[in-house]
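Below is one structure; the comments refer to it alone.
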Amino acid sequence: MFACRLSWWRSSATCKLWQSGHFLPWDRCQMLSIKGINMTVGQEQKVSMKEKRVLEDLEMPPVRRQMETLFQEQPETGNQYLEDTLLQNYLKTHLPPKVLEEVHQDLERFGNRLLTKIQPLSRECELNPPVFRQYDAWGRRVDHIHTCSAWRRMKEISAEEGLIAEAYERRYSNWSRLYQAVKLYLFSSSSGGFNCPLAMTDGAAKVIESLGIPGSLKNAFDRLTSRNPEKFWTSGQWMTERRGGSDVANGTETVARKQPDSTYRLYGFKWFTSAADSDVTLTLARIADAEGQCTQGSTGLSLFFLRVRDEEGKLNSIEMQRLKDKLGTRQMATAELWLKGARAELISAEGRGVAAISNMLNITRIHNVIGAVGSMRRMISLSRDYARKRVAFGKLLKDHPLHMQTIARMEVQARGAFLLMMETVRLLGLAETNLASEQDQLLLRLLIPVAKLYTGKQASAVAVEAMESFGGQGYMEDTGLPVILRDALVLSIWEGTTNILSLDVLRSLAKSQGQVMAVFLSTVQKKLELASGTEELSPAVQRTREAIRSLRQFMEAAGSEQAQTMELAARDFSYSLARIYTGRAKTGIREPGNGLTLLMEHAARPDASSTDVCAALRWCNQELCPVAVESGRGSYGIGAALQDSALVFGNSRL
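Heads up, the sequence shown is in the UniProt record's numbering, so the first residue is 1 and it goes up one at a time.
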């Protein structure tokens, strides 16, 4: 005799419960379990009147079947361009009418292609990550990275859409770079990770262009900026080695040995090489002299260009060690590899590698900003659509004030990040077409690290918050939402961590002997004066003025302090610059060199909406100058540094 509680059974066909001479279907067993009836298999039981009524209920369509239709609706987005009113209003405000007309038509078409063709490919890339095969069936070393067809199609689409070419053809003069950034912004969250190799490809093209496109690199430049999928190349950026990431001056061990034909052979180990399936790459190495000695430090580094494979598809004296097992960006092959005499071309002056590759770093950091803003917009769009569909506690999520407040706060952050991104690429476009003033160039030097470090942090915070807005569904892999979160987390690490970039901000101030900061403050102050005439924005203007005053006071006080004080304040200082600049204002539409446009500027437009004004006011309600607040608390003194160490190690036995 076997006893069985019905809730233990999970059969879709029958339940092993003998009742009145036959097996009960699983549905009936399940209902008996729900009703709290337990029976003994093979034993005759007297059924009470209550139990009879339960059995009669089972003859009706089971509740379980009715519940099967109560699924949650999937959040969806439409044409990303047409749904992004902030983007459309920005372009309408700033682009010349003829440029706007052409750009609008192409972006609407591109938005449809993203929705119908590219997003499905993105999901395929996520589900089919690259696979590394080191040996073939006969034991021969092949070091082959197999990527899925969707990844390879992304490369073709990138060429067809001119995602790199657009910036270098300059069909729209200084607006070409901004137009490219808009397409990348729309593409990034649907690219299946392909926005990363595009960032490095753009950076490599920029370096070659800055060198005057030497004859030996003309073919490479043409391919990196091609619209022909059959000719288009992507580039890597092989800088990270075993001893360091951002510390390339002390962490680079790769050695370059000059050959009789004036080419070089590279020897070393690259610890982290993103997009290892790229066609070419730029990398740093130390040139060995006749005695085999190398100059250490940054002055010993030179920049090299190399093909990853030869014309026959064989690796250029490169051995792949393994693919990295990463938290995110799994769609892209990131490898450890040995350079065992890889043939390369020296493209910088000897010892000027860091200076030469700085153009690449600026471009890849801007791409990082674009990816961060694109990620935020994607998550918020999905959260917003879900709020229109999901019913909880008797009403739609959009009718729950607290839920809408949460999404609104994310929206304010995304809007600020978007306008900071557009401001940075606008200045880059001016610089590339020789239309930038000296003040524009100084401002660009400051904004690149500020925008990168701030939006990288914003993207992670928004991704986490947005995931929570889906409840448990946000945690399910097959919804595609965890992928967005994982991929967003790297944005504060790639191209320099938050602390590294904060120190870079300080270097930009020191190198310019204070000119960068003077330009920043004067620009903000002048534009605030122009915005003060808009009554609705007066609270935001007042708070920004107070923040500027606090920032000035901090700078004056810090001038007499030790260098350690500014280092401790570097992160809060950079955050303060980002928040103040993003909240400041101006008018002066479409005036060259005077087209600065962030939250209050956007809200001061004649056709600005109440949403634009609300976003500006809410942005300025946060603490705009955290560095002044923390300085007042004594967070940057020597004593504070000692306390920090004590807190970190005080609970450790080491």
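Heads up, the beta-carbon is just placed ideally off N, CA and C, and yes, glycines get one too.
Requested in this report: Would you mind working out which of 111, 356, 229 and 415 sits nearest residue 205, comparing C-alpha positions?
Outcome: 356
Report task. Sort 255, 276 and 114 by Cα distance to residue 660 and report the nearest one. Result -> Missing from the structure shown is residue 660; the chain here goes from 1 to 654 and no further.
Query raised in the report: Is the stretch 447-454 close to the stretch 496-514, with three or more CB pairs under 8 Å?
Result: yes
Query raised in the report: Any idea if residue 538 is buried or exposed, counting beta-carbon neighbours within 10 angstroms, 16 or more meaning buried?
Result: exposed
Query raised in the report: Would the beta-carbon of residue 175 fall within 8 Å of that of residue 269?
Result: Not in contact: residue 175 and residue 269 (Cβ atoms no closer than 8 Å).
Query raised in the report: Unbroken alpha helix (DSSP H) runs of length 4 or more, entirely within the stretch 142-214: which are they?
Result: 149-160, 165-169, 175-188 and 195-210
Report task. With DSSP collapsed to three states, give me the class of residue 493. Result -> coil
Report task. Within its chain, find whatever has a CB closer than 8 Å to the CB of residue 108; leave out the 5 residues flanking it on each side and keep chain order. Result -> 79, 81 and 82
Query raised in the report: In angstroms, rounded to a whole number, what distance separates the CA positions of residue 536 and residue 613?
Result: 7 Å
Report task. Look up residue 264 in the DSSP assignment and say whether it is helix, strand or coil. Result -> strand
Report task. Would you mind stating whether residue 389 and residue 606 have Cβ atoms separated by less than 8 Å? Result -> no
Query raised in the report: If you count every other CB in all the chains shown that lies within 10 Å of the CB of residue 85, and 16 or more means buried, which is it?
Result: Of the other Cβ atoms in all chains shown, fewer than 16 fall within 10 Å of the Cβ of residue 85; this residue is therefore exposed.
**Report entry** Where residue 285 falls: helix, strand or coil (DSSP)
**Finding:** Residue state for residue 285 is assigned as strand, using DSSP reduced to three classes.
Query raised in the report: What's the gap between the Cα of residue 223 and the Cα of residue 162?
Result: So the two alpha carbons sit approximately 12 Å from each other.
Query raised in the report: Roughly how many angstroms separate the alpha carbons of residue 212 and residue 297, rounded to a whole number?
Result: 27 Å
**Report entry** Unbroken alpha helix (DSSP H) run spanning residue 542, endpoints
**Finding:** Where residue 542 is concerned, the enclosing alpha helix (DSSP H) stretches over 538-558.
Requested in this report: Give the C-beta separation of residue 445 and residue 508 to the nearest angstrom, bearing in mind that I take them to be a contact with Cβ-Cβ under 8 Å.
Outcome: Approximately 5 Å separates the beta-carbon atoms of residue 445 and residue 508; this is inside 8 Å, confirming the contact.
Requested in this report: For residue 273, name the three-state secondary structure that DSSP assigns.
Outcome: strand
Report task. Out of 186, 142 and 160, state which residue places its alpha-carbon closest to the alpha-carbon of residue 115. Result -> 186
Query raised in the report: What did DSSP end up calling residue 238 once you bin it into helix, strand or coil?
Result: strand
Requested in this report: Might you give, ordered along the chain, the residues of its own chain that have their beta carbon closer than 6 Å to the beta carbon of residue 103, omitting 5 neighbours on each side?
Outcome: 179, listed in sequence order.
Query raised in the report: Looking only at DSSP bridge pairs, what is residue 320 linked to?
Result: Partner residues in the beta bridge of residue 320, as assigned by DSSP, are 337.
Query raised in the report: Going by C-alpha distance, which of 152, 534, 145 and 520 is nearest residue 441?
Result: Of the listed residues, the one whose Cα sits closest to residue 441 is 520.
**Report entry** CA-to-CA distance, residue 409 to residue 396, given in whole angstroms
**Finding:** Rounded to whole angstroms, residue 396 to residue 409 spans 19 Å at the Cα level.
Query raised in the report: With 16 as the cutoff for other CB atoms within 10 Å, does residue 231 come out buried or exposed?
Result: Only exposed fits residue 231, as fewer than 16 other CB atoms lie within 10 angstroms of its CB.
Query raised in the report: Are at least three pairs of beta-carbons, each pair with one atom in the stretch 303-320 and one in the stretch 473-480, less than 8 Å apart?
Result: no
Query raised in the report: Can the beta-carbon of residue 516 be found less than 8 Å from the beta-carbon of residue 576?
Result: No, the Cβ-Cβ distance between residue 516 and residue 576 is not below 8 Å.
Query raised in the report: Apart from the five residues on each side of it in sequence, which residues of its chain come closer than 7 Å, Cβ to Cβ, to residue 112?
Result: 79
**Report entry** Buried or exposed by the 16-neighbour rule on C-beta atoms within 10 Å, applied to residue 647
**Finding:** It is exposed - the Cβ of residue 647 has fewer than 16 other Cβ atoms within 10 Å.
Query raised in the report: Does the separation of the CB atoms of residue 651 and residue 495 fall below 8 Å?
Result: no
Query raised in the report: Given a threshold of 16 other Cβ atoms within 10 Å of its Cβ, counted over all protein chains shown, does residue 393 qualify as buried or as exposed?
Result: exposed
Requested in this report: Find out if the Cβ-Cβ distance for the pair residue 267, residue 353 is shorter than 8 Å.
Outcome: The beta carbons of residue 267 and residue 353 sit no closer together than 8 Å.
Report task. Since I believe residue 466 is in contact with residue 383 (beta carbons under 8 Å), could you give me their beta-carbon distance rounded to a whole number of angstroms? Result -> 5 Å
Query raised in the report: Who pairs with residue 135 in a beta bridge, going by DSSP?
Result: 141
Query raised in the report: Do residue 307 and residue 294 come within 8 Å of each other at the CB atom, strictly closer than that value?
Result: no
**Report entry** Backbone secondary structure at residue 255 - three-state DSSP
**Finding:** Strand at residue 255.
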